[in-house]
Amino acid sequence: MGSRVSAFKRFLHFFLKNPLTLFGIVLVFLFLVIALAAPVLAPYPDQGRGESLMTARLQAPSAEHLLGTDALGRDILSRILFGSRVSLKAALTVILIVIAVGTPLGIIAGYVGGVVDDVIMRISDLFLAFPSLLLAVAIVAALGPNLTNAMIALSVPWWPWYTRITRSQTLSLKERQFVDAARSVGVPAPKIMFRHILPNCITPVIVQATLDMGYIILALAGLSFLGLGSQPPTADWGVMISEGRSFILTHWWISTFPGVAILFSVLGFNLVGDGIAEVMNPKRRR
Amino acid sequence: MKTLLEIKDAHTWFPLPSGFFGLSKQYVKAVRGVDLALGAKEIVGLVGESGCGKTTVGRSIFGLAPLREGSILFKDRDLSKMDKKERFNVRRNMALVFQDPHSSLSPRMMVKDIVAEPLVTHTPLRGKDLRKELTRLLELVGLREEHLDRYPNEFSGGQRQRIGIARALALNPEFLVLDEPTSALDVSVQAQVLNLLLDLHEKLGLSYLFISHDLVVVKYLASRILVMYCGKVVEEGKTEDIFSSPAHPYTKALLSAIPLPEAETPYAAVPLPGTVPSPVNLPSGCAFHTRCPAAKIDRCCSDEPGFISVNENHRAACHLLA
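Residue numbers (my numbering), protein chains in the order written: chain U, 593 to 878; chain B, 7 to 328.
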């Protein structure tokens with residue numbers, strides 16, 4: 593293990609030598625900038641927020657509307673830019689919920705062991721036994737379709753992954769001598785878990801979270817497409833694809849461009865996640 | 007001499023995950039009846055090969071390995087009979103120094119937080135006073151204040167071990183358990199750390215239980231030595247006596263294995279056949295009888311030998327001495 597500075601250099605070196613990861617970073621960075629600056633960047637910010645203009649319906653891409661307009665005359669580019677905010681906010685929220693629930697449970701299961709471990713892991717198995725998207729659909733159906741419920745519905749089947757990651761990390765960490773050192777002076781268990789275990793198992797959690805960002809953006813768009821997530825007139829990529837699907841043969845741009853936006857954002861997070869995972873994995877380091 | 011720490015008939019077994027629904031429970035019998043006493047300002051060496059249970063003995067003192075039987079007394083008070091708070095307070099008087107200086111310091115904590123942990127846990131010392139105390143501790147082990155704000159991975163093995171020793175000294179303990187504190191270090195660094203430990207022993211009047219497989223190192227430090235084999239103490243005596251007239255065949259074999267130039271070795275070569283028996287299925291009688299190079303008698307395979315005094319303060323567990 594080198595020093596912090598050399599670890600940073602290693603990162604930099606790796607990313608510069610891996611054009612795919614670099615491309616991922618650029619995509620994620622663009623995504624973040626767009627999400628933050630959508631009102632400034634969008635040519636028709638009001639339409640991005642949902643205002644319709646019936647005189648400009650279904651226009652093909654042109655200089656005035658770079659990506660065309662939809663069935664209600666709204667500028668697609670503006671709506672895609674605003675849609676990035678919805679996606680980012682929702683996906684981040686889901687990731688944070690999932691980490692906040694899954695990580696402590698995993699650490700407790702791994703550190704305490706015994707019956708506590710069995711109970712936590714069997715409950716998490718229960719959630720993993722269902723296909724996550726199907727379970728999410730069922731939960732939204734029960735709670736009612738809106739974005740908040742869609743986020744809850746995605747968090748429910750997703751937290752066990754983080755419990756598993758942190759549990760396995762904890763199992764190996766608790767055998768390390770620095771944990772023994774803390775135990776031998778009588779540091780209370782909750783403090784050992786928080787100060788000694790948690791900081792040392794956060795890296796794989798971050799890798800997993802980066803990879804999951806893509807999946808969750810995709811899953812949220814999927815739920816919105818089915819009408820179970822964001823509701824019109826919210827500019828949500830899933831909703832936009834859904835709105836364009838009856839025009840797909842005659843006015844292809846309505847569904848296609850939000851789809852491309854989803855593609856690139858998911859691709860970006862996946863490439864970055866793969867890149868981080870590779871840097872973190874000493875066996876694959878070149 | 008006042009006795010600080012006494013271990014009486016300690017047994018530690020670890021369950022093996024085995025059998026159909028754990029019906030046939032098996033145990034690793036790591037420690038099988040160890041008696042040990044550590045006096046004030048004394049250095050006692052506990053030697054034996056890997057897996058003989060010496061580390062487990064050290065860990066059991068800190069409650070890191072539960073005793074199945076036996077007791078541990080600190081100044082004549084039984085640790086297992088204390089209530090939680092009392093035991094917590096007694097912990098101030100003892101500390102553990104670990105073998106592997108890479109695993110014993112959390113890579114995500116700065117040196118100041120690592121060394122401060124015992125202080126924060128047991129004393130109200132905070133802020134400037136805490137930093138002053140931390141600086142004193144680092145200087146005690148030959149490091150400087152500027153090292154406080156760094157992470158462990160910026161240090162060499164020897165320096166890390168010094169940090170580990172500083173942490174152990176934080177609460178002014180009366181004794182340290184040193185679990186192979188130098189075996190992970192380069193030879194040149196080993197000497198530095200050993201000299202530091204000797205220095206601290208004299209300056210602070212500390213007692214050490216020095217656990218090691220390296221007889222040369224133990225000879226350098228310890229005044230008394232206990233030799234362990236398969237979870238039992240097989241020989242115990244003053245360092246001079248053990249080295250000049252080892253009584254147990256296993257001790258003889260250990261001594262003959264010390265790497266010295268052939269002309270200088272005072273011990274005849276004693277090659278041991280076979281390997282260490284499994285601590286799950288130990289041989290009957292004397293655990294050493296399967297490998298013992300000495301002439302065996304029937305009792306070796308049937309009865310476990312008790313201690314037999316060789317002379318004052320020197321005893322060994324071997325039927326052949328009777």
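Think of the CB as a built atom: it goes at the ideal place given N, C-alpha and C, for glycine as much as any other residue.
Using C-beta distances below 8 Å, list every residue in its chain close to residue i, excluding the 5 sequence neighbours before and after it, in chain order.
i: A816(U); result: It should be pointed out that residue 816(U) corresponds to Ser in this sequence rather than to Ala. Counting only Cβ-Cβ distances below 8 Å, and skipping sequence neighbours, we find L739, A742, S822, D828, W829, G830, V831, S834.
i: K766(U); result: G702, Y703, I789
i: L200(B); result: T188, V223, Y226, L227
i: S262(B); result: T271, Y273, A274, A275, V276
i: V316(B); result: G243, D247, S251, A253, A322, L327
i: V858(U); result: G806, Y807, I809, L810
i: R83(B); result: V96
Quick one: what's residue i bridged to in DSSP?
i: L203(B); result: None, per the DSSP bridge assignment.
i: P780(U); result: Beta-bridge pairing links P780(U) to no other residue.
i: H320(B); result: N317(B)
i: R83(B); result: F80(B)
i: W19(B); result: K35(B)
i: D185(B); result: I217(B)
i: T9(B); result: G45(B)
i: D667(U); result: T661(U)
i: E75(B); result: H17(B)
i: Y235(B); result: K238(B)
i: M713(U); result: DSSP lists no partner for M713(U).
i: G836(U); result: The partner list for G836(U) (beta bridge, DSSP) is empty, contrary to what the question assumes.
i: E243(B); result: First, the residue type needs correcting, since residue 243(B) is Gly and not Glu in the sequence shown. Note: G243(B) sits in a beta bridge opposite I231(B).
i: L191(B); result: L191(B) pairs with nothing; no bridge assigned.
i: V103(B); result: L184(B)
i: V40(B); result: A16(B)
i: V53(B); result: S218(B), V233(B)
Measuring straight from C-alpha to C-alpha, what distance separates residue i and residue j?
i: K258(B); j: L212(B); result: 30 Å
i: T307(B); j: L260(B); result: Per the sequence presented here, residue 307(B) reads as Cys, with Thr not at that position. Roughly 22 Å between the two C-alpha positions.
i: Y33(B); j: D709(U); result: 22 Å
i: T9(B); j: G312(B); result: 23 Å
i: V195(B); j: L863(U); result: 45 Å
i: P107(B); j: P252(B); result: 33 Å
i: P289(B); j: N178(B); result: 43 Å
i: E643(U); j: P631(U); result: 14 Å
i: D119(B); j: L191(B); result: 24 Å
i: D304(B); j: N287(B); result: 20 Å
i: I13(B); j: F68(B); result: 12 Å
i: A682(U); j: G133(B); result: 41 Å
i: I49(B); j: T245(B); result: 10 Å
i: D804(U); j: L735(U); result: 24 Å
i: A896(U); j: P635(U); result: Chain U is shown only over 593 to 878; residue 896(U) falls outside these bounds and no answer can be derived.
Looking only at its chain, what residues have a beta carbon closer than 6 Å to the beta carbon of residue i, apart from the 5 residues adjacent to it on each side?
i: G675(U); result: A827, D828, W829
i: I854(U); result: A813, W829
i: F606(U); result: V871
i: L612(U); result: L863
Let me know if residue i comes out buried or exposed under the rule of 16 or more other beta-carbons within 10 Å of its beta-carbon.
i: K783(U); result: exposed
i: F181(B); result: buried
i: T758(U); result: buried
i: D309(B); result: exposed
i: I798(U); result: exposed
i: G54(B); result: buried
i: M646(U); result: exposed
i: G884(U); result: In the structure as shown, chain U starts at 593 and stops at 878, and residue 884(U) therefore has no counterpart that could be examined.
i: D717(U); result: exposed
i: A322(B); result: buried
i: D772(U); result: buried
i: K209(B); result: exposed
i: P124(B); result: buried
i: T802(U); result: buried
For residue i, collect the residues of the same chain with a Cβ closer than 7 Å to its Cβ; drop the 5 residues on either side in sequence, then sort them by chain order.
i: R38(B); result: H17, G237, K238
i: F849(U); result: L659, I668, I672
i: L221(B); result: V53, L260, L261, I264
i: G665(U); result: S644, L645, M646, T647, A648, R649
i: Q761(U); result: C793, P796
i: Y235(B); result: G54, C58, Y256, A293, F294
Consider the C-beta atom of residue i and the heavy atoms of the ligand GTP; say whether any pair is separated by less than 7 Å.
i: S251(B); result: Among the components of this structure there are no ligands whatsoever, and the ligand GTP is therefore not found.
Taking only beta carbons into account, state which residues of the stretch 771–801 of chain U come closer than 7 Å to chain B, listed in chain order.
D772, A773, A774, R775, S776, V777, G778, V779, H788, P791, N792
Counting only Cβ-Cβ distances shorter than 7 Å, please list the residues of the stretch 742–771 of chain U near chain B, keeping chain order. The residues in question are R768, Q769, F770.
*Select from the stretch 210–229 of chain B all residues with a C-beta closer than 9 Å to any C-beta belonging to chain U, and list them in chain order.*
none
- Taking a cut of 7 Å between CB atoms, which residues from the stretch 67–84 of chain B lie near chain U? F68, L70
> Of the residues that make up the stretch 43–64 of chain B, which ones have a beta carbon closer than 7 Å to any beta carbon in chain U?
Replying inline: none
Margin query: Tell me which residues of the stretch 159–170 of chain B have at least one Cβ-Cβ distance to chain U shorter than 9 Å, keeping chain order.
Written below: N159, E160, G170
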